[in-house]
Each structure stands twice: as C-alpha cells, then as structure tokens.
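A quick write-up on the structure given underneath.
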C-alpha cells in the first residue's frame, strides 16, 4: 500500500496541475509543484474548485463509498488509465482494466491507496473495460460488483456489458471473481443497497455506452442503438432493480424498471435530458425515505428522486450537483461520523474526460428532506 501525496481536501487547500502526455505521475508532480509555489488550483475558466482530489497518485472516478464495521471509510472507484482512444458515445476512451480501493481512517485524514484489488485478466468471462464498481458486506465477506464487456461481438466489434461479482475477506482485496457473470445481469453501474431488514437490492443500468437501450424488449440486440431510443415524447428508459439472493451473488427476481415520476405523477420523458435517467444509480435511506440518485449524462447533473419503497416509484426532486469540469459525473452518498458526504469526480488534474480524480464534499439536507444543490465551483 502507499499513502497519497496529499491529505483529503474538503475545502480549498492544495492545488492541482494539468497532466501532460497521459502519464499518471505527471499530474501528481504538477500538483505538488503548484502546491510548493503556493498557487491556488483554478478551472480553465478561472473558477476555484469546491473540493480537492482525494488522491493524486492515480486517476480515479465513479466513487462508491462505504463505511464498514471498523468505522473507516472505503471508496471503491474506477481506475482511469491513459489511452490514445478518442472520445465517443460508446465510451471507448474509458479503458479501465483494474480496481484499487481507497481507505480513509478519519475525516480529513490521509488516504491509503490499496494494491490492485481485481484485474480484468483474472475475470474469466470479461474482455475489457472494468467500469464503475460497488461493494457490499455480509457475514464476514466483502463483495465487489463490477461491469465489464463479455467476449461476444456486436456491430462495433465490442462485447455486451454484464455485471460480475468477486469476493474477499479483506475490504481492500484482493478479490476473487466468480467464473461467470451474474445470471440475468446486463448493462453497467451496479449499486447495492442493503435495507434495515437485511434484504439487499442491486440497482444498475446506463444508456449510450451502457447499452440499456439495447435491452428494450428484454433481450439483447447487438445491432441496437448506440445512444437511446430516440423517443423524446415517451417515458424515458429506466434504471433497473433486482433483489439479491442471500448468497449476494445472484438475482432473486427478474430485474424491473426503476420509474422516476415528475411533479404530476407522470413518468419523466426521454426528451427531458435534465431530469431523465442516464446512468450511475445510487440509493440511500434517510428518515424512512428512499433516495434514488443518478446522473443525467449529457446534461451533466446529479439528480435525486424520493420514494417510500426500494422499488419506487420515485418522485423527482431536483439537482444534487451542478456540472463539474469534464463530461461524466458518477457519485455516491454516505453518512460517516454524523455527517453526510457526496463523493464525485472531475478532471481537475488532467483536463481530459477519461482521466478523472475523485473528490468529496459535505452534503446537507433541508428540514423537509430535500437537498440543497451543490456547486462544484466557488466564486
């Protein structure tokens, strides 16, 4: 294990550099040099960042945060890597191939970056692209859930996304993958929520590169759309939910839609890009209410909707986070030592969409349970 070069920043201390030549170490070196010079990190538009990267040694994104029984906070992120692949709607530029777990012992403390927790070469059914993961714990075992392309070929020469599971006795791994993907799983972005009664649910799915649009009839179409269904006047595609069996490795039921309703009780439409689901489901429970949170993708918001059941339906309430620097916003929300935190990512260190850095900031609630919108920049 290694310690990140800088402690976690919830405020404006510290600074970031812009990576050159796609080398991960360059970003860390540039950031350290800027810090030594007393510079303050600013966006290309000259704005100050609300929060600073948790780690600068590696590029990280899609942070799934959890507090396990030891009271420490663990973050399960994607591990971005340099690539010459150009940005496209399929997400080919996101070429991640392994996972590294982050650990923070106390709020404001240093961040430990773990060794490789799982590599795509050790997943028998997977071909490439280890995208946004999540984790769960039960009876002494830690479960790592991850999406990856299988070894089939679609019209673009790419595999279909499936969701796998790997296990370990250590929250930082290494994890051993099951030999096959979860039966009945598809698309990407698994997020597992365990309710107070011990029942665990997986939320998953994403359009565009996540291929959810290719499952519109319950069967995968390898020649389907690369983006969405192009039906702006009809209900938007929904994320999926399936309760897990007690083994935490299989579905107890057929996945069903997670429906997001507008203020009139009608499903949000496909053309409503500031409110409709794109990817990055995350669910938490507070004061008896279930919060379904997600990314809008091409409009770059993090949104939330509230319901009374893990299955929904969920009524749209607003934006959690305004657009960050960079294209993608994928997040998690967790309570830790009496405060709530939002974990997200931007491109402060690299300026490149596929080389991101995980951040965190405190999340607050209004008396009625609504969430004040956070701006990732400060004036």
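In my numbering, the protein residues as written are 320 to 698. Backbone N, C-alpha and C fix where the C-beta goes; we use that ideal spot for every residue, glycine too. Quick caveat, the model's predicted, so the values are computed rather than measured.
- Comparing alpha carbon positions, the residue from 551, 552 and 533 closest to residue 543 is 533.
- Sixteen is the threshold: when 16 or more other Cβ atoms of the shown chains lie within 10 Å of the Cβ of residue 469, as they do, the residue is buried.
- Contact check for residue 486 against residue 478 fails: the beta carbons are separated by 7 Å or more.
- The Cβ atoms of residue 584 and residue 558 do not sit closer than 7 Å to each other.
- Secondary structure within the stretch 450-515: the beta strand (DSSP E) runs of 3 or more consecutive residues, fully enclosed, are 453-457, 460-468, 480-487 and 510-513 (chain order).
- Pairing residue 602 with residue 384 gives a Cβ-Cβ distance that is not under 7 Å.
- Judged by DSSP in its simplified three-state form, residue 678 adopts strand.
- Between the C-alpha atoms of residue 537 and residue 587 there is a straight-line separation of about 21 Å.
- Spatial neighbours of residue 363 in its own chain (CB-CB distance under 8 Å, excluding positions within 5 residues in sequence) are listed in chain order as 644 and 670.
- Nearest to residue 620 by C-alpha distance, out of 627, 626 and 612, is 612.
- Boundaries of the beta strand (DSSP E) harbouring residue 386: 378-386, taken from the DSSP string.
- The secondary-structure analysis by DSSP pairs residue 659 across a beta bridge with 654 and 682.
- Using a Cβ distance threshold of 7 Å, residue 682 and residue 676 do not count as a contacting pair.
- Counting the other CB atoms within 10 Å of its CB gives residue 571 a total below 16, which places it among the exposed residues.
- Around the C-beta of residue 599, 16 or more other C-beta atoms lie within 10 Å, and the residue is accordingly described as buried.
- Remark: C-beta atoms of residue 381 and residue 451 approach each other more closely than 7 Å.
- With a cutoff of 7 Å on beta-carbon distance, residue 406 and residue 672 are scored as near each other.
- With respect to residue 609, residue 629 sits close: the two C-beta atoms are nearer than 7 Å.
- Beta-bridge pairing by DSSP links residue 527 to no other residue.
- Around the Cβ of residue 511, a 10 Å sphere holds 16 or more other Cβ atoms; the residue is buried.
- Taking a contact as a CB-CB distance under 8 Å, the pair residue 420 and residue 436 counts as one, their CB atoms being some 5 Å apart.
- Excluding sequence positions up to five before and after residue 539, its CB lies within less than 7 Å of the CB of 479, 505 and 533, all in the same chain and listed in chain order.
- Scanning its chain for C-beta atoms nearer than 7 Å, with the 5 sequence neighbours on each side dropped, one finds around residue 453 the residues 383, 395, 464, 509, 510 and 511, in chain order.
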